[in-house]
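There are 2 protein chains.
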Amino acid sequence: MTQPLPMPVTLLGYGAATLTTLSFFPQAIKTVRSGDTRGISLRMYLLFTLGITAWGIYGLLTGDGPLIVANALTLVPALVVLERKVQSLRRGDDRLW
Amino acid sequence: MTQPLPMPVTLLGYGAATLTTLSFFPQAIKTVRSGDTRGISLRMYLLFTLGITAWGIYGLLTGDGPLIVANALTLVPALVVLERKVQSLRRGDDRLW
Chain X
2 MTQPLPMPVT LLGYGAATLT TLSFFPQAIK TVRSGDTRGI SLRMYLLFTL
52 GITAWGIYGL LTGDGPLIVA NALTLVPALV VLERKVQSLR RGDDRLW
Chain Y
2 MTQPLPMPVT LLGYGAATLT TLSFFPQAIK TVRSGDTRGI SLRMYLLFTL
52 GITAWGIYGL LTGDGPLIVA NALTLVPALV VLERKVQSLR RGDDRLW
């Protein structure tokens, strides 16, 4: 795009980025507190952590600061949930199917 | 950005978008099949569905096709999980805290 975006549109974009980034934190907190990973999809968190890692690398290669920050932040709770899911499966507290 | 991106970088971006978009489908399938929403964070799915709705509107306003498609697709499984969570809470099969 060649024209700068109107301010409300830019703010909407930042608001959207903030909401999707923040959303994974309550899930990570809930999963750590309850230890209940049975309803959590392993495949979701595998695909998602791979996806946001790819987004972060894409941000680094294109020099897109907000993309790097948003994905680096989201990676933290996503990895926490993934780690808890894997630990539950290993301990036998949860099953793959 | 003024220069077109090198092809591998563009492909990485599309790969990242595909992974994060697809990732919510196995979660929706698992949640519908098992009906177990106790480990699912209501706050995550409220913030997330609001966030991707905002991303989709941002895509419409900026004329960004991939952003519209990716967020419209992600909205489907996210709404499915949110609806199941709300239904479980209403039936008393799940608790908020």
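Listed in order, the protein sequences are those of chains X and Y.
Number 98 marks the last residue of the first sequence (this note's numbering); no jumps.
Number 98 marks the last residue of the second sequence (this note's numbering); no jumps.
All C-beta atoms in this analysis are idealised placements derived from N, C-alpha and C, irrespective of residue type, glycine included.
- Separation of the CB atoms of V10 of chain Y and T63 of chain X is rounded to 6 Å, and the pair is thereby assigned contact status at 8 Å.
- Boundaries of the alpha helix (DSSP H) around G57 of chain X: L43 to T63.
- Residues of chain X with a Cβ closer than 7 Å to the Cβ of L6 of chain Y are, in chain order, T63.
- If you check each beta-carbon in the stretch 6–35 of chain X against every beta-carbon of chain Y, the ones closer than 7 Å belong to L6, V10, L13, G14, G16, A17, L20, T21, L23, S24, F25, P27, Q28, K31, T32 and S35.
- Excluding five sequence positions before and after A18 of chain Y, the CB atoms of its chain that fall closer than 7 Å to its own CB belong to P67 and A71, given in chain order.
- Against chain Y, the CB of L51 of chain X has a partner CB under 8 Å away; the residue lies at that interface.
- Burial state of M45 of chain X is buried, judged by a 10 Å Cβ sphere holding 16 or more other Cβ atoms.
- Its chain contains T32, R85, K86, S89 and D95 as the residues whose beta carbon lies nearer than 7 Å to that of T38 of chain X, once the 5 sequence neighbours on both sides are disregarded; these appear in chain order.
- Of the residues X:V81, X:Q4 and X:P5, the one whose Cα lies closest to the Cα of R34 of chain X is X:V81.
- Counting only the Cα atoms, Y15 of chain X lies some 13 Å from T54 of chain Y.
- The beta carbon of D37 of chain Y falls within 8 Å of a beta carbon belonging to chain X, placing the residue at that interface.
- Here the alpha carbon of T21 of chain Y sits roughly 18 Å from the alpha carbon of I41 of chain Y.
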